[in-house]
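Each residue of the sequence shown is one higher than the one before, counting from 100 in this note's numbering. Here is the structure we will look at, set down as structure tokens.
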Amino acid sequence: MKKRNGLLALLGIGALAFWKYKKMSPEEQENVKGQINEAKRKFTDAGQDIKSKVEDKFNQAKSTVEEKVDDLKKDVSAN
100 MKKRNGLLAL LGIGALAFWK YKKMSPEEQE NVKGQINEAK RKFTDAGQDI
150 KSKVEDKFNQ AKSTVEEKVD DLKKDVSAN
């Protein structure tokens, strides 16, 4: 029941937004498009930044593990 009400609310909000957009002047529509594109660009940049940070942390962890394994191999072969 809650899911259905939520979906209906989203559908209503979407319909209202579409109706308001269609009533706007072409200049206002271009302004809205620009704002959406700017938000999309920021979202994409943030995603790329997060991806880069995760890859860096993964590579650091991998490097640390490889160093520890090499140290253990040296210790085992020395004994």
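Each residue gets a CB set at the ideal place from its N, CA and C atoms; glycine is no exception. Just so we're clear, the structure is a prediction, and the values are computed from it rather than from any experiment.
Per DSSP, what kind of secondary structure is residue i in: helix, strand or coil?
i      : result
Ser162 : helix
Ser151 : helix
Ser176 : helix
Please indicate yes or no: does the CB of residue i lie closer than 7 Å to some heavy atom of the ligand NAP?
i      : result
Ile135 : No copy of the ligand NAP appears in this structure; indeed no ligand is present at all.
Could you check the C-alpha separation between residue i and residue j for me, to the nearest Å?
i      : j      : result
Leu115 : Lys132 : 17 Å
Glu127 : Lys119 : 11 Å
Lys102 : Asp148 : 34 Å
Glu165 : Gly146 : 28 Å
Gln134 : Val153 : 29 Å
Leu171 : Met100 : 58 Å
Lys161 : Gly111 : 49 Å
Asn136 : Asn104 : 30 Å
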